[in-house]
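S.K.:
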Amino acid sequence: MTHVSEKEGSCSSSSSSSLNSDKNDMSNDRMIAAVLSEEYANLDNAVARRLSSLPSIPHVPRTNTFIPNLSEASQDHQRLLQRRLT
């Protein structure tokens, strides 16, 4: 009977140590998540500052000066269809 109680004692100590390690892992995970969220927030602010300081680029409308003939238009259409299918 002492043999069985020794086994039970070792099981309970190993299970309690695994519970402690699980709690430590969860605590570490939470700490890592908090640090990462702070870093991402800092990066987001830095990106926002850089984007807001960019100069605007004026829009210049494009005018079609060349109108293709029927053969060229058909070839372009076929080429675009092939590109879409692949």
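Under our numbering, residue 313 is the last one in the sequence shown; the count climbs by one each step, no gaps.
Glycine is no exception: its CB is placed at the ideal position from the N, C-alpha and C atoms.
Since this is a predicted model, take the numbers as computed values, not measurements.
1. Skipping 5 residues on each side, what residues in its chain have a beta carbon closer than 8 Å to that of LEU297?
2. Let's see if you can read the secondary structure: which residues bound the alpha helix (DSSP H) around HIS304?
3. If I measure Cβ to Cβ from LEU312 and keep anything under 7 Å in the same chain, skipping five residues before and after, which residues do I get?
M.R.: In short, the structure shows the following:
1. Residue numbering aside, residue 297 sits at position 70 when the sequence shown is read from its first letter. Contacts found: none.
2. Indexing the sequence shown from 1 puts residue 304 at position 77. In the DSSP assignment, HIS304 falls within the alpha helix (DSSP H) that extends over 297–312.
3. Along the sequence shown, read from residue 1 onward, the residue named residue 312 stands at position 85. Counting only Cβ-Cβ distances below 7 Å, and skipping sequence neighbours, we find nothing.
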